[in-house]
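Visitor: Below is a structure I'd like to ask you about.
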């Protein structure tokens, strides 16, 4: 994923190609006096133009001009962060995905390498995670209006900040020294009258003791209304365009895929009215003969008939969200040698999302059940049956869902000051905690539901539940023969809302010393600067699923997904150091020449010691031109879940690598290894096909567990770039940087198919993968798996980033602020297991090869107008592996989604120095998501969005 590009920043102090970033203990100010500052990616103060790593800043005004109150949505405009997970991508996460407690998470993902490899900081310090068992920070926990700036760092960051920053760092810099009152309110809604948003914030701060102290308090409220797929006609599943066949536009004929309209899409072999098979007869639940739909070739869908309408499965594509945030910041400078500051916050977010309806596949009903229609009863008796099986999609039982409440506490105490003119110290302690309460909504208790299905007539002729114990517990009979037949009074007996809880805690203690050696170690370019220190960190995560979930008491589509209680923790001691040597400065042919190095040694309680390092340099022959570069080794320590996750039940569908059709898709060892395996198990190697496997279309049960013997991931990263600031065009800055990241020993969520393939793709069957896949004796078909995570994957990504800013003023028509940013993704390759084919994910959804943003702002007096254009090339609907193995899979005209073309506009009017109001339209052209496997490619499904707001400021600016 491309990195380091940003949209237009608001203030001239943030217009620099390298963004200045305050680090504890003091916030950096603009460099107007020619002094030095601290930049994200280094602990050493230096001139802003002398930073060797590309860092791009997004300012607070830019965030407000975007019209969005969701920080992740705003940051997704940066090419490096397009793959970040926002609420539209986590709305449907639930236990069925092995993701209980993750609904509505907002996670940043730099360059498509995953949230676990993106280090998120607040004021240069670590922040507690929002996702159990990981280090991933939920961006919902960061207050929107307290943000002063967001810095995105390209390059190896582990040497400076520790593990997790393999792909880079995103640092949120909060306001400091606020003196006065600021309030903002905003409301917005889509053009269609839904997806509403309400936002309000209040900040009050006061300086005291002649400016040596400050206290700032802030409150923020944000609420988003849900959006379901049937709220958009182009996403309503029964009316959507669909992948069907080319030949004659007839989707029931075999051939290549094409995009064409399908107006009555359905799931075959089931119905929301009931589906009963007796011999060669198929009935609807109401007793009528079942009319099947026309089966779509190459897919699991049908058109028309009595099959289950896909449109009935209404799910949320945007969850309901409500967030409250309270923050307090204070500092007091006793002297230059003793400066005390504290931060504290509490954030509560509650996210609710509903998915599709449940079903029963199938349920056995005794023939004395009074709900059975006469035609079905007659056919069953004629066949000599004592019961019938009915499958049904229950559209008359409330939709399943999940409500996740996250509470985050965080406190920081910092003591800092000067030791001498050449050295400063900083001591800090940070505590963070996230409590997650995950409530599954409308989960169906399996035993109780079966009791309700088992209905009989009592002595008075009334229909009741057969079991006396069930009746005593409140059982009301359920009729699934027909559509809309379920009695709503029955819900209270068999629907339940089980609650699971998780707690994540973080303790960080840090001590550092920064400065320079003065005249004791001075080079022609100035004294050598240094930073050194140590850090102790402890992380823990605890998960307690509801007992009923552990007991597998609920009906699940996948009965093998059973959550397991877990406890995990680790601690780490670290020592770090950094040095910058200014070799030359302001001499002929060398306006600046400096080199630097950084290193970090870490000792983990779980994996032992790791090391990270970086070398960097910058050369500016003249002030207008500078060349910069870095090369480093970064590490990511395995997280708690990867190391200590207990054995958990799951299941998976397999396309056996030993099937005849798959043998040519692996290494040269596959065929021989498969023959050995299948023959040893007593299978028929010559006719080993999916068609001969009776379990080829079902999910195979298995388990997945962490691995305490994992090693750290290791990345080698280099960056190189040039920055141009020509004197003959004042206000113009052009930066171009290239990055290259090579990640080995990577840990990924295991696909058992990859492990099955890796077993037979090695030079020998004596490898770590084969024991994790079991095969049935007598047939050789896969019948189970027990996967433990391994350091087996590899990633390679490379690309370029462009950042052009141009600011100028005129005497007559106002001030102009322009930015053009772009990204080019050269490669994003993943090798899941040794011997596997490298999968190039460039131009997959959310990973476009080309991205571009143009953001001009014009100001004249009280009026400010801003515009933002975002463009991305059309990404692929099908992966390269799919199309390489089957070139006729899709007509080339329909291989890609449409390009992204988004236009946002805003106007702001300042009534006076203290009050302004604004309004805008996002997605002015009302571009819609293209039809495919995603509901938000290339753009959010919200559509044209209108908003308005007002700002009040008194005192502070």
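Numbering (the working numbering), first residue to last: -7 to 949.
For each residue, glycine too, the CB sits at the ideal point set by N, CA and C.
What you are looking at is a predicted structure, and each value in this text was computed from that prediction instead of being measured.
Can you find at least 3 beta carbon pairs, one from the segment 648 to 660 and one from the segment 694 to 704, that sit closer than 8 Å?
Guide: The segment 648 to 660 is not in contact with the segment 694 to 704.
Visitor: Residue 76 to residue 734, Cα distance in whole Å?
Guide: Their Cα atoms are separated by approximately 20 Å.
Visitor: Just verifying my parser: in three-state terms, what is the DSSP assignment at residue 929?
Guide: Coil.
Visitor: Below 8 Å, can you find three or more Cβ-Cβ pairs linking the segment 421 to 437 to the segment 462 to 471?
Guide: Segments in contact, no.
Visitor: CB-CB under 6 Å to residue 19, same chain, minus the five flanking residues each way: which ones, in chain order?
Guide: The predicted model places residue 19 with a pLDDT of 33, which falls under 50 and marks its position as unreliable, so this point remains unresolved.
Visitor: List in chain order: all unbroken beta strand (DSSP E) runs of 3+ residues lying wholly within the segment 652 to 733.
Guide: For the segment 652 to 733, whole beta strand (DSSP E) runs of length 3 or above, ordered along the chain, are 692 to 697 and 705 to 716.
Visitor: By how many angstroms is the C-alpha of residue 480 removed from the C-alpha of residue 349?
Guide: About 15 Å.
Visitor: Among 769, 777, 108 and 380, which one has its Cα closest to the Cα of residue 360?
Guide: It is 380 whose Cα lies nearest to the Cα of residue 360.
Visitor: Okay, do the segment 636 to 643 and the segment 152 to 168 touch, 3+ Cβ pairs below 8 Å being the bar?
Guide: No: fewer than three Cβ pairs fall under 8 Å.
Visitor: Is residue 461 helix, strand or coil by DSSP?
Guide: In the structure shown, residue 461 sits in a helix (DSSP, three-state: H, G or I).
Visitor: Could you check which residue in 720, 73, 301 and 624 has the C-alpha nearest to that of residue 103?
Guide: Of the candidates 720, 73, 301 and 624, the one whose C-alpha sits nearest the C-alpha of residue 103 is 73.
Visitor: Classify residue 770 as buried or exposed, calling it buried when 16 or more other Cβ atoms lie within 10 Å of its own Cβ.
Guide: Residue 770 comes out exposed.
Visitor: Can you name, in chain order, every residue of its own chain whose Cβ lies under 6 Å from the Cβ of residue 458, other than the five neighbours on each side?
Guide: These residues qualify, in order along the chain: 446 and 448.
Visitor: In terms of alpha-carbon separation, which member of 434, 264 and 125 lies closest to residue 485?
Guide: Taking only the C-alpha atoms, the option nearest residue 485 is 434.
Visitor: Round the Cβ separation of residue 663 and residue 655 to the nearest angstrom and send it over; I've been treating them as touching at under 8 Å.
Guide: The Cβ separation is near 5 Å, so the contact holds.
Visitor: Is the beta carbon of residue 518 sitting closer than 8 Å to the one on residue 577?
Guide: A contact, by the Cβ cut-off of 8 Å.
Visitor: Residue 512 by DSSP, collapsed to three states: which one?
Guide: Of the three classes helix, strand and coil, the one that applies to residue 512 here is helix, per DSSP.
Visitor: Between the segment 669 to 679 and the segment 593 to 611, do at least 3 Cβ pairs fall closer than 8 Å?
Guide: The answer is no - the segment 593 to 611 does not touch the segment 669 to 679, with fewer than three Cβ pairs under 8 Å.
Visitor: What residue range does the beta strand (DSSP E) around residue 774 cover?
Guide: Start and end: 774 to 780.
Visitor: Distance check for residue 260 and residue 367, CA to CA, integer angstroms please.
Guide: Those two C-alpha atoms are separated by around 22 Å.
Visitor: Return the chain-ordered ranges of every beta strand (DSSP E) run that is complete within the segment 159 to 198 and spans a minimum of 3 residues.
Guide: Those beta strand (DSSP E) runs which fall completely within the segment 159 to 198 and span 3+ residues are 160 to 166 and 172 to 182.
Visitor: Among the candidates 344, 713, 938 and 894, whose CA atom is the shortest distance from the CA of residue 911?
Guide: Comparing Cα-Cα distances from residue 911 to each of 344, 713, 938 and 894, the minimum goes to 938.
Visitor: When burial is assigned at 16 or more other CB atoms within 10 Å of the CB, is residue 672 buried or exposed?
Guide: Flag for residue 672 reads exposed.
Visitor: Locate the beta strand (DSSP E) running through residue 620, then write down its first and last residues.
Guide: Where residue 620 is concerned, the enclosing beta strand (DSSP E) stretches over 617 to 628.
Visitor: List the whole-angstrom C-beta distance separating residue 340 from residue 397, where the pair is believed to meet the contact cut-off of C-beta under 8 Å.
Guide: With 8 Å as the limit, residue 340 and residue 397 qualify as a contact, their Cβ atoms being about 7 Å apart.
Visitor: When the Cα atoms are used, what is the spatial distance from residue 887 to residue 930?
Guide: Looking at the two C-alpha atoms, the distance is approximately 14 Å.
Visitor: Given that a residue counts as buried once 16 or more other Cβ atoms are within 10 Å of its Cβ, and exposed if not, what is residue 63?
Guide: Counting Cβ neighbours within 10 Å, residue 63 comes out buried, since at least 16 surround it.
Visitor: Whose C-alpha, out of 849, 848 and 834, is nearest the C-alpha of residue 842?
Guide: The option with the nearest alpha carbon to residue 842 is 834.
Visitor: For the alpha helix (DSSP H) holding residue 877, just list the boundary residues, first then last.
Guide: First-last of the alpha helix (DSSP H) with residue 877: 872 to 877.
Visitor: Three or more C-beta pairs closer than 8 Å, one from the segment 791 to 798 and one from the segment 762 to 781: is that the case here?
Guide: Verdict: no, contact absent.
Visitor: Please report the residue range of the beta strand (DSSP E) in which residue 536 lies.
Guide: Taken as a continuous stretch (DSSP letters only), the beta strand (DSSP E) holding residue 536 covers 521 to 536.
Visitor: Please identify the residue among 222, 758, 575 and 628 whose C-alpha is closest to the C-alpha of residue 159.
Guide: If we check each option's Cα against that of residue 159, 628 comes out closest.
Visitor: Have a look at residue 44 and residue 532 and give me their C-alpha separation to the nearest angstrom.
Guide: Taking the straight line from one Cα to the other gives about 35 Å.
Visitor: Between the segment 383 to 390 and the segment 472 to 479, are three or more C-beta pairs nearer than 8 Å?
Guide: They touch, by the three-pair rule.
Visitor: State the DSSP-derived secondary structure class of residue 636, mapped to helix, strand or coil.
Guide: DSSP places residue 636 in helix when its eight states are reduced to three.
Visitor: To the nearest angstrom, how far is it from the Cα of residue 121 to the Cα of residue 511?
Guide: Going by the C-alpha atoms only, they are around 44 Å apart.
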